[in-house]
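Trainee: Residue numbers (the UniProt record's numbering): 1 to 847. Heads up, the beta-carbon is just placed ideally off N, CA and C, and yes, glycines get one too. Computed from a predicted structure; not experimentally measured. Let me begin by handing over the structure; questions about it come next.
Dropping the structure here:
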């Protein structure tokens, strides 16, 4: 199983994979690393990625692009209304107020949400990764702009769920860039030393993100992040507006009146902008047949572009200076400034970086692929299937978060998370209530570039007073998870009950236990109305942290210490306080789809994937039939490969059928099912297959007869060599040679008869002798001959027996001499030695 990182951009997407050799960016089916964030609908087809981008001008109303910013936004959102004027496709409000995109698909009108469109693009990226890696893709990390709110992040998660992706984490693009920078750095300071502060400037197609990060060895901590909705497309729009005004004066045409013309102009000025980033000279702009068959020409220099875009550069400068103030860094504290994103290549932006941060822009990172590489690294770190060196990433919450509630005393509000608070993080809130409570979470007003500050409304059920009618302690967990999504994770009520039990016989022990019981019975409580305390008790930590206030004895009865001691001694029972934790039910109203909607959209996506597969098979079948028509027509015509093997009347009939099929393909057969095409293709093949077979038979006969004749000659030649006493065949028997001679003569006779049968046969007739028969005769003769002629010679005979005896006598003599020497050494003849010697001689003879 592979883990991938997805950089989901407004214009292009990149997919990186973590492998044993490092991080690698995946190429799509066009061998490009960048996949355009485009989804198009053409009749019954759903076109994704590069193919959708290529036909955007001709099918602009059904080609969806720049939809990233629409995620999680209502139709009446000012951003959506502004995009509505720029984008060529149709958008409308859905019943719940969200944004819908209307397209023509399967010859019907369909309305898709931006989440569904995003899911379609994720399906394409997932499929490209599967084709490249040849393995199933499940786990992934998807990057998200740091300025995305709770609603937008949840919408992106919903889109990934619809596409079947398991998102381990939504990672901020700024953090992914920092991870790809710091993971491979070996010279980072240790935690005890001063951190290395690096600024990252990411100017992409639709947004600018500037972040400050502090690095230590094995960890990074985001300090601050600022953003603005200014990017490359804003520069394109400035240039397109300028040239449009010029064309109105010069050529009397208005490109803004026609969406297709303005789309072409935007594409051309984007190319001009990229060329101006590398050249300071005046560059031309030429568009043929722009409008009303008019060719337009103009030119621009980089300095002129910078002057026109001055207001955009001032916004970029403001964002950078805000980051410097928020991060509390001075230019002297900054180690370097790294730039990523396509629009960061504009020279004026590099000049601003050097002017504000006092450092020249560094291009250590791959400006296009750094985000996806960082996401793949994070996915590898989190996935249990990969073993990667750990690297800790501490992110920040971009906007301050407030919590509010309403009770009998009115509305109350307090800040629960400050701006740039570390994430992920859990905060524990303690309240005292005796009735259900509704808590609201929202961003601080005017802090987020989002009109609706609402995060979620949470109704805590099951809260009730204790046995004495007093409020009970409730602990609420507010969580910013690793996806940057803020939610109330859980709510627990601590229900305290008093019970009586027999006293201990030891007075001192009784007193100690009673004091302990009194302490346990006392807990912080709110006022009589049961409202949340002012201020709310806020704690950081786990669920086990339950603060307790010091207990106080109630002396209202006027009872003195002596009387209390006496009562302790005389009492036979004492009170015991037990605490029971009760998990409360939370009714949450937040952004995103409910489970039933997600299941519905997932099923629709699976149906569309199946339809895409069926449509591809249908088109392949139609193309195969069309290809067969052209191929057969070319081959049966004069000078064609099959012309000599088909009767003229049959050829004319087939040509008429081919013409009829061709007309049918472009008329009634334009959108038939796959089975109809396959049926026609089989009928056509059945008519042309006999002609193809005759062509193969006649074309291969000469070569097959040559091979058979050669096999006969080789066999007869081997027989002659045997008769001439050739040493190679001296081990063969006469009977074997007679057999192969008869086989060769038989094959030669068959050869001559077959040749005679084919003398007067026309090529338009089926040959009486098949090519397979000729090859069978050749194979039969070759097998029979090779089994005899290629049999190896037998091994040479063993040496004569007298030579073995001579060698044995020599060995015996040597053994006798050795034994005599041994007898002399031991001091005389040994009667057993002769017996031993004789046994040795016998054994040698046997050997």
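(1) Is it buried or exposed, residue 850, if we count other Cβ atoms within 10 angstroms and call 16 or more buried?
(2) Considering only the beta carbon of each residue, do residue 4 and residue 15 sit closer than 7 angstroms?
(3) Using the rule of at least 16 other Cβ atoms within 10 Å of the residue's Cβ for burial, across every protein chain shown, is residue 143 buried or exposed?
(4) Do residue 458 and residue 488 have their beta-carbon atoms positioned less than 7 angstroms apart in this structure?
(5) For residue 871, I'd like the list of residues in its chain whose CB is within less than 7 angstroms of its CB, leaving aside the five on either flank, ordered along the chain.
(6) Going by the CB atoms, is the gap between residue 259 and residue 449 shorter than 7 angstroms?
(7) If you count every other CB in all the chains shown that lies within 10 Å of the CB of residue 305, and 16 or more means buried, which is it?
(8) Closest to residue 587 by CA distance: which of 461, 493, 633 is it?
(9) Give the DSSP-derived three-state secondary structure of residue 386 in the structure shown.
(10) Find out if the Cβ-Cβ distance for the pair residue 180, residue 209 is shorter than 7 angstroms.
(11) Quick one, are the C-beta atoms of residue 301 and residue 274 less than 7 angstroms apart?
(12) What are the boundary residues of the beta strand (DSSP E) that includes residue 209?
(13) How would you call residue 32, buried or exposed, if buried means at least 16 neighbouring beta carbons within 10 angstroms?
(14) What's the C-alpha gap between residue 693 and residue 634?
(15) Would you grab the beta carbon distance between residue 222 and residue 375 for me? Rounded to a whole angstrom, and I think it's under 8 angstroms.
(16) Going by DSSP, what residue range makes up the beta strand (DSSP E) through residue 433?
(17) Indicate the three-state DSSP secondary structure (helix, strand or coil) for residue 602 in the structure shown.
(18) Does the Cβ-Cβ distance between residue 331 and residue 357 come in under 7 angstroms?
(19) What residue range is occupied by the uninterrupted beta strand (DSSP E) comprising residue 733?
(20) Count the other CB atoms, across all protein chains shown, that sit within 10 Å of the CB of residue 289; report buried if there are 16 or more and exposed otherwise.
(21) Can you tell me whether residue 849 is buried or exposed? The criterion is at least 16 other CB atoms within 10 Å of its CB, across all chains shown.
(22) Relative to the C-alpha of residue 745, which candidate in 104, 577, 777, 316 has its C-alpha closest?
(23) Count Cβ pairs between the segment 328 to 347 and the segment 357 to 371 that sit closer than 8 angstroms; are there 3 or more?
(24) Please classify residue 89: does DSSP put it in a helix, a strand, or coil?
(25) Between the segment 697 to 712 and the segment 742 to 761, can you find at least three pairs of beta-carbon atoms closer than 8 angstroms?
(26) Looking at C-alpha atoms only, which residue of 99, 69, 731 is the closest neighbour of residue 76?
(27) Candidates 175, 247, 398: which alpha carbon is nearest residue 291's?
(28) Would residue 729 pass as a contact of residue 691 if the rule is Cβ separation under 7 angstroms?
(29) Which runs of the alpha helix (DSSP H), 4 residues or longer, sit entirely within the segment 53 to 97?
(30) Given a cut-off of 7 angstroms on the beta-carbon distance, is the pair residue 34 and residue 12 in contact?
(31) Check whether the segment 199 to 219 touches the segment 344 to 359, taking contact to mean three or more Cβ pairs, one atom from each stretch, closer than 8 angstroms.
(32) Taking C-beta to C-beta, are residue 68 and residue 10 nearer than 7 angstroms?
(33) How do the segment 156 to 171 and the segment 597 to 616 stand: do at least 3 beta-carbon pairs fall below 8 angstroms, yes or no?
(34) State yes or no: is the C-beta of residue 71 within less than 7 angstroms of the C-beta of residue 156?
(35) Could you check what DSSP says for residue 181 in three-state terms: helix, strand or coil?
(36) Give the range of the alpha helix (DSSP H) segment to which residue 700 is assigned.
Mentor: Inspection of the coordinates gives the following:
(1) A query on residue 850 cannot be resolved here, the shown segment of the chain reaching from 1 to 847 and no further.
(2) Here residue 4 is taken as the residue at index 4 of the chain shown, counted from 1. Here residue 15 is taken as the residue at index 15 of the chain shown, counted from 1. Result yes, Cβ atoms of residue 4 and residue 15 sit closer than 7 angstroms.
(3) Here residue 143 is taken as the residue at index 143 of the chain shown, counted from 1. Classification for residue 143: buried.
(4) By one-based count along the chain shown, residue 488 stands at place 488. By one-based count along the chain shown, residue 458 stands at place 458. In contact: residue 488 and residue 458 (Cβ atoms closer than 7 angstroms).
(5) Missing from the structure shown is residue 871; the chain here goes from 1 to 847 and no further.
(6) Within the chain shown, numbered from 1, the residue matching residue 449 stands at position 449. Within the chain shown, numbered from 1, the residue matching residue 259 stands at position 259. No. Outside cutoff.
(7) As a first step, residue 305 is located in the chain shown; it is residue number 305 there, counting from the start. By the 10 Å Cβ count, residue 305 comes out buried.
(8) Sequence index remark: in the chain shown, residue 587 carries index 587 (1-based). Residue 587 has its Cα closest to that of 461, out of 461, 493, 633.
(9) Within the chain shown, the letter at position 386 stands for residue 386. In this structure, residue 386 counts as coil in the three-state DSSP scheme.
(10) Position 180 of the chain shown holds residue 180. Position 209 of the chain shown holds residue 209. No, they are not a contact pair.
(11) Position 301 of the chain shown, counting from 1, holds the residue named residue 301. Position 274 of the chain shown, counting from 1, holds the residue named residue 274. No. Outside cutoff.
(12) The count along the chain shown starts at 1 and reaches residue 209 at position 209. Looking at the DSSP string, the run of the beta strand (DSSP E) that includes residue 209 is 208 to 216.
(13) On the chain shown, residue 32 is found 32 positions in, with the first residue counted as 1. Exposed, because fewer than 16 other Cβ atoms sit within 10 Å of the Cβ of residue 32.
(14) Start at 1 with the first residue of the chain shown, and residue 693 comes out as number 693. Start at 1 with the first residue of the chain shown, and residue 634 comes out as number 634. Each residue's alpha carbon lies about 17 angstroms from the other.
(15) For the purposes of this step, residue 222 is identified with residue 222 of the chain shown, where counting begins at 1. For the purposes of this step, residue 375 is identified with residue 375 of the chain shown, where counting begins at 1. About 15 angstroms separates the two Cβ atoms, so there is no contact after all.
(16) As a first step, residue 433 is located in the chain shown; it is residue number 433 there, counting from the start. First-last of the beta strand (DSSP E) with residue 433: 425 to 433.
(17) Counted from its first residue, the chain shown places residue 602 at position 602. Helix at residue 602.
(18) Within the chain shown, residue 331 is the residue found at index 331, counting from 1. Within the chain shown, residue 357 is the residue found at index 357, counting from 1. Taking 7 angstroms as the Cβ cut-off, residue 331 and residue 357 qualify as a contacting pair.
(19) As a first step, residue 733 is located in the chain shown; it is residue number 733 there, counting from the start. Looking at the DSSP string, residue 733 is not in any beta strand (DSSP E), and its letter there is neither H nor E.
(20) Locating residue 289 in the chain shown gives position 289, counting from the first residue. Residue 289 should be labelled exposed.
(21) The structure shown does not extend to residue 849, since the chain is modelled only from 1 to 847, so the question has no answer here.
(22) Residue numbering aside, residue 745 sits at position 745 when the chain shown is read from its first letter. With distances taken between Cα atoms, residue 745 lies closest to 777.
(23) yes
(24) Locating residue 89 in the chain shown gives position 89, where the first residue counts as 1. Three-state result, residue 89: coil.
(25) yes
(26) The residue you call residue 76 lines up with position 76 of the chain shown. When only C-alpha atoms are compared, the closest one is 99.
(27) Here residue 291 corresponds to residue number 291 of the chain shown, with the count starting at 1. Nearest option by C-alpha distance: 247.
(28) Here residue 729 is taken as the residue at index 729 of the chain shown, counted from 1. Here residue 691 is taken as the residue at index 691 of the chain shown, counted from 1. For residue 729 and residue 691, no; Cβs fall outside 7 angstroms.
(29) 78 to 86
(30) In the chain shown, the residue the question calls residue 34 occupies position 34. In the chain shown, the residue the question calls residue 12 occupies position 12. In this structure, residue 12 lies closer than 7 angstroms to residue 34 by Cβ.
(31) yes
(32) Translated into positions along the chain shown, residue 68 becomes position 68. Translated into positions along the chain shown, residue 10 becomes position 10. Yes, the pair counts as a contact, with Cβ atoms nearer than the cut-off.
(33) yes
(34) Indexing the chain shown from 1 puts residue 71 at position 71. Indexing the chain shown from 1 puts residue 156 at position 156. Yes. Within cutoff.
(35) The residue given as residue 181 occupies position 181 in the chain shown. Note: residue 181 maps to helix in three-state DSSP.
(36) One-based indexing of the chain shown puts residue 700 at position 700. It spans 674 to 723 - the alpha helix (DSSP H) in which residue 700 sits, taken as one unbroken run.
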